[in-house]
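Working notes, structure below.
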Amino acid sequence: MKLYKKFFSRWTGVAMLATMGLFACQPEIEVVTPTSGTADFTTYIALGNSLTSGYADGGLYREGQLASFPEMIAKSIQETGGAQGFKTPLMPEGNGSGYLKLVGGAPSLVAADPSAFASVASEGPFQNMGVPGARSFHLPFAGYGQANPYFGRFATSAGASVLADAAAQNPTFFTLWIGNNDVLGYATAGGDQGGTDNEITPLATFEASINAIVAGMDAAGAKGGVIANIPDILAIPFFTTATYDAFVIDAAQATALNAGLSATVSATARPQIQAQVEANRAAIETGVTAVVKENVKQQALDAGATEEQAEAQANAFIASPTGQATIEAGVEAQIVTLVEENLNTLLATLPSVSEGANPFVIQGAPSATNPTGLRSATPDDLILLTVLSYTATPEFAALPVIPESLVLDVNEQAKVNNAIAEYNTVLQAAAGSKYAYADMGTFFNEVKTGFFYQGVGYSPTFVTGGAFSLDGVHLTQRGYALAGNEFIKAANAKYNSNLSWINVSDYRGVLFP
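Residues in the sequence shown are numbered consecutively from 1342, following the numbering used here.
This is how it looks when you write it as structure tokens:
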């Protein structure tokens, strides 16, 4: 019997292979010859950001670059005669820009190579033009290499743009995976707390940039290509590893924290409340004076004085040194009472913790309804992966409260999801009828729920999930291989080509010591 080489379903592949083992006969393997179909793979260019470059484990280094999905796709294309001499602007042997590795069971940063960003432009042109950190509008931007050393190291000139350098090679086929950073920077910086450098790219800017990139490829002679959409970035380990209630303490720590939080807020708030109350001293004095006068007058009336006599005695007392001292003492007592009442009201709003697992206490911006800005995390909050390092700092040890920049609340999450939906509409429209469209959103949703492929399980679990590297954002080599197959699947379907599937098992996941 004959078994044709094909791309087995991620869910059924293992079962099918196991079933074949039940047959006694030896299968005759017939390998289908790779073909280009209607695509012209002569010159393949990969445009994108860090996901295209092979960035992994928080850095760009040679091993990761050689396992980038464009390198893998190029190997498949080369079987059809195209993409000959495909080149990636490789980092020098060694640590590249620096990266994370497991040391003692935890990610540890390896120092960068001193020559990591030395120019390699003379070794070009390069066909893998993935640039870590690039947003959509950066690719057409002339002189972008001066702002981003990852492009500067292989740009053809100081004034070059990624798009122009790509177009100059007259690509016949391209892949484009861009746009993640247009919203990812906002999310990883804590949403609205991230500052202007991390704002979500306006839709109009994104659309104009994508259209410019595709028009540039058209003008350069591209006859085919695959444009990928943006997956649900909030489902990656960077946002799903740390849970909202991962603050675990014992009874003594809980008592100390509650007392410490109260003392800290009291020390900060008391002077402010004191000043607010003092600002109303005149009104307080008027009220106290009226009470003192009424008391003196009533005492005179009780002693048999007439109304007129009692009024005169009260006025005389108010004007006397004794009366003024009485009023001043009353004012001071009233101020103390008001300060304590207001402070106690404020302290009653503070989050409290107890023995066991607690929601993180978050320091947000003060408001009329929450004067301290402190609140407890909820199940709807996404706690950033960077909280794991923050909780090891002296600042957290002194006061176990996390800044709002380590949290994405529901409103910030909605902004991210809305932007992705709008961007994907633009990307699908840009693909149109000429280019294939790779649905990375659906693929990443499969990763989110977990699946087995070639006997290996993949999930978004940090470190051990197989798909994501140690930075919790970028893929492992196997993750990039799976993503590369999504590009190949889209190209084969669109252009009736028969590119070989990437053998995922040829690559590794997280490297364990």
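Glycine is no exception: its CB is placed at the ideal position from the N, C-alpha and C atoms.
Taking its Cβ as the centre, do 16 or more other Cβ atoms sit within 10 Å of residue i, making it buried, or is it exposed?
i       : result
Arg1622 : exposed
Ala1822 : buried
Asp1847 : exposed
Leu1740 : exposed
Ala1760 : buried
Asn1711 : exposed
Phe1833 : Reading off the sequence, residue 1833 comes out as Asn, not Phe. So Asn1833 ends up on the buried side.
Phe1410 : buried
Thr1719 : exposed
Val1472 : buried
Pro1662 : exposed
Ala1325 : Nothing can be reported for residue 1325, as the shown portion of the chain is limited to 1342 through 1854.
Asn1699 : buried
Phe1784 : buried
Gly1446 : exposed
Ala1397 : buried
Gly1796 : exposed
Ser1841 : buried
Leu1726 : buried
So residue i is in the alpha helix (DSSP H); what residue range does that whole segment cover?
i       : result
Arg1716 : Arg1716 -> not in any alpha helix (DSSP H); beta strand (DSSP E) instead, spanning 1715 to 1717.
Tyr1731 : 1728 to 1731
Gly1526 : 1521 to 1529
Glu1402 : Reading off the sequence, residue 1402 comes out as Tyr, not Glu. Taken as a continuous stretch (DSSP letters only), Tyr1402 belongs to no alpha helix (DSSP H), as it is neither H nor E.
Tyr1764 : 1751 to 1772
Ser1391 : 1391 to 1394
Ile1614 : 1592 to 1619
Ile1551 : 1544 to 1561
Ala1508 : 1503 to 1508
Asn1469 : Element bounds for Asn1469: not the alpha helix (DSSP H) but the beta strand (DSSP E), 1469 to 1471.
Leu1642 : 1622 to 1643
Thr1581 : 1578 to 1581
Gly1493 : 1490 to 1493
Spatial neighbours of residue i within its chain, please: CB distance less than 6 Å, with the 5 preceding and 5 following residues excluded, ordered by chain position.
i       : result
Pro1578 : Pro1801, Phe1803, Phe1809, Gly1813
Gly1493 : Gly1486
Asn1599 : Ser1693
Asp1506 : Thr1497
Ser1456 : Pro1433
Gln1654 : Ala1641
Gly1782 : Asn1570, Pro1572
Pro1849 : Per the sequence shown, the amino acid found at residue 1849 is Arg instead of Pro. Result list for Arg1849: Gln1818, in chain order.
Leu1480 : Val1503, Leu1504, Ile1554
Gly1423 : Phe1382, Thr1383
Near residue i, what residues of its chain come up, given a Cβ to Cβ distance below 7 Å and the 5 sequence neighbours on each side ignored?
i       : result
Glu1540 : Tyr1527
Asn1436 : Tyr1402, Val1451, Ala1452, Ala1453, Asp1454
Asp1780 : Asn1570
Leu1363 : In this prediction, Leu1363 scores a pLDDT of 37, lower than 50, which makes its location untrustworthy; the coordinate-derived value is nonetheless stated afterwards. Nothing listed; no residue qualifies.
Asn1521 : Asn1390, Leu1392, Ile1571, Ile1574
Glu1331 : Nothing about residue 1331 can be read from this structure; the chain reaches only from 1342 to 1854.
Gln1754 : Leu1575, Leu1723
Asn1511 : Thr1384, Ala1561, Gly1562
Could you round the C-beta distance between residue i and residue j to whole angstroms and report it? I think they count as a contact, below 8 Å.
i       : j       : result
Val1629 : Gly1671 : 4 Å
Val1702 : Leu1715 : 6 Å
Gln1406 : Met1432 : 6 Å
Ala1583 : Ile1724 : 4 Å
Leu1388 : Val1503 : 7 Å
Val1606 : Ala1777 : Val1606 to Ala1777, Cβ: 57 Å. No contact.
Leu1749 : Gly1532 : 5 Å
Val1637 : Ile1668 : At roughly 11 Å, the Cβ-Cβ gap does not stay under 8 Å, so Val1637 and Ile1668 are not in contact.
Leu1747 : Thr1713 : Going by Cβ atoms, the distance from Leu1747 to Thr1713 rounds to 18 Å, so no, they are not a contact pair.
Phe1478 : Ser1550 : 4 Å
Could you check where the beta strand (DSSP E) with residue i kicks off and where it finishes?
i       : result
Lys1442 : 1440 to 1444
Phe1382 : Phe1382 -> no beta strand (DSSP E), and no H or E assigned at all.
Ile1414 : Looking at the DSSP string, Ile1414 is not in any beta strand (DSSP E); the run it does join, the alpha helix (DSSP H), is 1410 to 1419.
Ser1449 : 1447 to 1451
Gly1565 : 1565 to 1569
Tyr1778 : 1777 to 1779
Phe1515 : 1514 to 1518
So, is the C-beta of residue i closer than 7 Å to a C-beta in chain B?
i       : result
Asn1833 : Reference to chain B is not applicable here, since this structure consists of a single protein chain.
Can you list, in chain order, the residues of its chain whose CB lies under 8 Å from that of residue i, leaving out five sequence neighbours each side?
i       : result
Asn1786 : Pro1572, Asp1573, Ala1576
Val1680 : Arg1611, Ile1614, Gln1615, Val1618
Glu1412 : Gly1395, Gln1406, Phe1427, Thr1429, Asn1469
Val1444 : Pro1854
Gln1675 : Ile1625, Gly1628, Val1629
Phe1737 : Tyr1731, Ile1743
Runs of 3 residues minimum, wholly inside the stretch 1790 to 1847: which ones carry the beta strand (DSSP E) assignment? 1792 to 1794, 1797 to 1799
Would you mind listing the alpha helix (DSSP H) stretches within the stretch 1661 to 1749 that are 4+ residues and don't spill past its ends, in chain order? Taken in chain order, the unbroken stretches of alpha helix (DSSP H) that lie wholly in the stretch 1661 to 1749 and span 4 residues or more are 1662 to 1688, 1728 to 1731, 1735 to 1739.
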